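Structure first, then comments.
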Amino acid sequence: MTKMPEKIIPRGLQLLHDPVLNKGSAFTAVERDALDLHGLLPPHVQTQAEQVERVLGNLARKPTDLERYISLIALEGRNQTLFYRILVDYIEQMMPIIYTPTVGEACQQYGKIFRRPGGLFISAEDRGRVAEVLRNWPDRDVRVIVVTDGERILGLGDQGSNGMGIPIGKLMLYTACAGVHPSQCLPVTIDVGTNNTALLVDPLYFGLHERRLRGPEYDALIDEFVEAATKLFPRVLIQFEDFGNENAFRLLERYQERICTFNDDIQGTAAVALAGLYSALRITGETLRDQRVLLFGAGEAGIGIANLLVLALTEAGLPQNEARARCWFVDSKGLVVRSRNDLSSYKLVFAQDHEPLADTVAIIESVRPSVLIGVSGKPGVFSRAVLEAAARQVARPIVFALSNPTSLVECTAEEAYRWTQGRAIFASGSPFDAVSLFGHRFVPGQGNNAYIFPGVGLGVIACASRLVTDEMFLAAAQTLAQQVSQAELDEGRLYPRLTHIRKVSHAVATAVIRVAFGRGLARMSVPNDLDEYVRLLMYEPEYRSYI
Ligand code: NAD
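The sequence shown begins at 3 in the working numbering and counts up one residue at a time.
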């Protein structure tokens with residue numbers, strides 16, 4: 003287990019108010035004597051298991067998931083160890099609360115539910131003094147920063163400073179899913195204003211009440227942040243999260259060969275989608291090169307998925323042009339074809355020689371896809387007509403409706419199974435319950451990025467890799483697909499149960515480390531026993547004795 007950084011143990015109330023050290027009612031009688039705690043706690047000493055039971059009972063009595071979110075965040079602010087114990091042991095129940103879909107609502111309500119910041123804000127007004135602001139963060143051994151500028155929060159658009167819920171939630175998953183120590187995680191929101199008019203006129207909005215900074219001044223602020231962060235925390239991994247389309251691609255291109263960084267919306271999503279595809283192909287018995295993939299949405303997620311698919315196909319021996327020819331895109335204007343003159347450079351790469359088409363059913367009948375991937379943020383795009391058309395093309399259509407949160411999904415699990423007569427192999431971005439139809443029980447897969455980014459991050463940190471490469475995401479996708487058991491596949495699951503997430507993250511991390519060593523990117527020598535080395539790094543939320 004990662005050792006908690008040595009801290010001088012305070013006494014009395016000061017100790018109870020320190021969320022990292024506090025054990026609440028679990029302080030033993032001897033500790034209470036030694037640390038001046040007598041009388042400050044009720045007399046009965048509880049075990050951690052009893053504390054867990056109490057918290058779970060309280061959560062169950064809350065009327066909504068947003069209330070559960072507020073309650074969990076408050077617990078993290080009082081007793082970090084107990085909070086992570088619950089997250090680790092009840093990850094299936096807790097993930098939808100601390101992450102999507104509830105975190106989306108939490109961001110939208112941030113101004114109302116705010117208790118304490120939980121991360122670091124850097125604003126456009128901090129230009130010239132970003133290093134000073136970063137130094138205000140109390141922990142010095144920061145290894146992962148998740149940073150957002152709040153422009154494209156999940157599928158909910160511009161949330162400005164209220165987007166802080168996202169880096170906080172993602173880093174909680176780093177700890178819960180991959181055992182990265184909480185003190186090594188730093189959530190950052192860069193507030194460059196917002197173009198969300200509702201926020202701009204809201205007097206209670208916490209962020210800058212001005213329109214978004216763009217152009218060279220924006221770039222200079224991000225540059226200043228990256229430079230200051232990598233100087234103050236020399237081994238840090240910077241994960242860019244929920245930036246708007248233009249900035250996300252540009253910033254990834256700008257930094258990915260220079261610093262240890264990745265963009266989860268582009269690269270993490272790509273790996274989780276590709277892993278789902280590998281699993282689906284284990285069910286159909288086909289190969290990746292046999293597939294025709296039609297992506298609805300040519301944004302960060304869509305382009306990221308196609309780029310990784312092309313890498314996977316070229317590694318499997320296909321020339322690049324043939325690999326690209328297997329990826330078709332539909333965006334808000336219809337099929338992405340060469341004759342269109344409104345395509346950005348990253349879409350142009352995938353433009354096909356085909357007549358322009360806008361009608362989705364006509365597109366499906368012409369392209370004849372075996373795989374439909376929805377990353378459009380447009381609910382209902384996979385209509386009954388679309389799903390029926392897809393089911394006419396192949397025996398087992400692979401349908402991934404990945405848009406988040408649930409209100410934006412392209413189709414529900416039930417719709418996917420119903421309109422393909424139960425033949426669809428389905429995965430979604432937000433969780434869906436199992437569906438009983440046609441005398442069969444279907445268990446939908448959840449293509450949750452949490453299967454990938456915590457493990458990739460752990461691997462990168464563990465070997466102090468200089469860079470994060472696309473090959474690492476390919477290795478992560480292949481490893482994730484291998485972690486799905488035959489019994490899980492038989493149920494229709496394309497991803498392992500979330501209860502196995504720490505084992506999955508461990509496997510992903512070791513695969514990533516092997517790539518880093520293979521490419522000469524690791525800033526350390528190969529450990530004798532890699533599996534054991536990674537396992538020992540993973541934080542376990544257990545109380546320590548203070549005596
Ligand atoms: P984005 O804004 O970068 O891209 C959205 C794309 O959808 C754009 O290219 C737009 O032209 C296109 N589009 C809009 N209307 C369309 C329509 N009717 N038909 C087809 N395309 C249409 O957003 P993004 O980062 O790519 O994310 C898209 C969605 O995917 C979001 O809802 C996000 O939450 C979700 N997502 C899910 C996961 C996951 O579940 N693992 C991961 C990442 C993103």
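Where is the CB? At the ideal position from N, CA and C, for every residue including glycine. Bear in mind the structure is a predicted one, so any value in this text is a computation, not a measurement.
Residue range 50-63 is occupied by the alpha helix (DSSP H) that includes Arg63.
Only exposed fits Asn60, as fewer than 16 other CB atoms lie within 10 angstroms of its CB. Around the beta-carbon of Pro119, fewer than 16 other beta-carbon atoms lie within 10 Å, marking it exposed.
Ile503 is positioned such that its CB atom lies closer than 8 Å to that of Cys179.
Arg214 has its alpha-carbon roughly 12 Å from the corresponding atom of Phe245. Around Leu313, the same chain offers Asp472, Leu476 as residues with beta carbons nearer than 7 Å, after the five sequence neighbours per side are excluded. Minimum Cα-Cα distance from Glu317 among the listed residues Gln480, Leu18, Ile549, Ala524 corresponds to Gln480. Taken atom to atom, the span from the alpha-carbon of Val351 to that of Thr289 is near 24 Å.
Closest option to Asp333, judged by alpha-carbon separation, among Val194, Ile170, Asn309, Glu302: Glu302.
In this structure, Glu94 has its CB at a distance of at least 7 Å from all heavy atoms of the ligand NAD. Taking C-alpha positions only, Pro184 is separated from Val396 by approximately 47 Å. Below 8 Å, enough C-beta pairs join the stretch 316-331 and the stretch 291-301 to call them touching: three or more.
No residue range can be given for Val238, since it is assigned to no beta strand (DSSP E) and is classified by DSSP as neither H nor E. Within 7 Å of the C-beta of Gly449 there is at least one heavy atom belonging to the ligand NAD. For Ser438, the beta-bridge partners assigned by DSSP are Arg443.
In summary, Lys114 is exposed, with fewer than 16 beta-carbon neighbours lying within 10 Å of its beta-carbon over all protein chains present.
Counting the other CB atoms within 10 Å of its CB gives Gln241 a total of 16 or more, which places it among the buried residues. Checking the 7 Å criterion, the Cβ of Asp267 is within range of a heavy atom belonging to the ligand NAD. For Pro456, the enclosing alpha helix (DSSP H) has its first and last residue at 455-464. DSSP lists Val339 as the beta-bridge partner residues of Gln354. For Arg284, the CB contacts under 8 Å within the same chain, skipping 5 residues up- and downstream, are Ala483, Val486, Leu491 in chain order. Measuring C-alpha to C-alpha distances from Gln423 to each of Ala387, Arg525, Val90, Pro407 identifies Ala387 as the nearest. Contact between Glu153 and Asn265 does not hold, since the beta-carbon distance rounds to 13 Å and is not under 8 Å. The stretch 193-207 and the stretch 226-243 do not touch, with fewer than 3 CB-CB distances between them shorter than 8 Å. By the Cβ rule, the stretch 82-97 counts as touching the stretch 9-27, because three or more pairs are nearer than 8 Å.
The beta carbon of Arg398 sits closer than 6 Å to the beta carbons of Thr286, Arg425, Ile427 from its chain, once the five residues preceding and following it are set aside; these are given in chain order.
The beta carbons of Leu234 and Leu136 sit closer together than 8 Å. Per DSSP, Ala28 lies in no alpha helix (DSSP H) segment and is marked neither H nor E. By the Cβ neighbour-count rule, Phe440 is exposed, with fewer than 16 other Cβ atoms within 10 Å of its own. Secondary structure of Asn309 (DSSP, three-state): helix. In its chain, beyond the 5 residues on either side, Leu223 have a beta carbon closer than 6 Å to the beta carbon of Arg129. Distances taken from the Cβ of Glu69 to the heavy atoms of the ligand NAD include none shorter than 7 Å. In this structure, the C-beta of Asp333 approaches the ligand NAD to less than 7 Å from one of its heavy atoms. The C-alpha of Pro446 is placed about 34 Å away from the C-alpha of Leu469.
Separation of Leu276 and Val514 (C-alpha to C-alpha, rounded to the nearest whole angstrom) is 16 Å.
With a cut-off of 7 Å, the C-beta of Glu302 is classified as near the ligand NAD, since at least one heavy atom of the ligand falls inside that distance.
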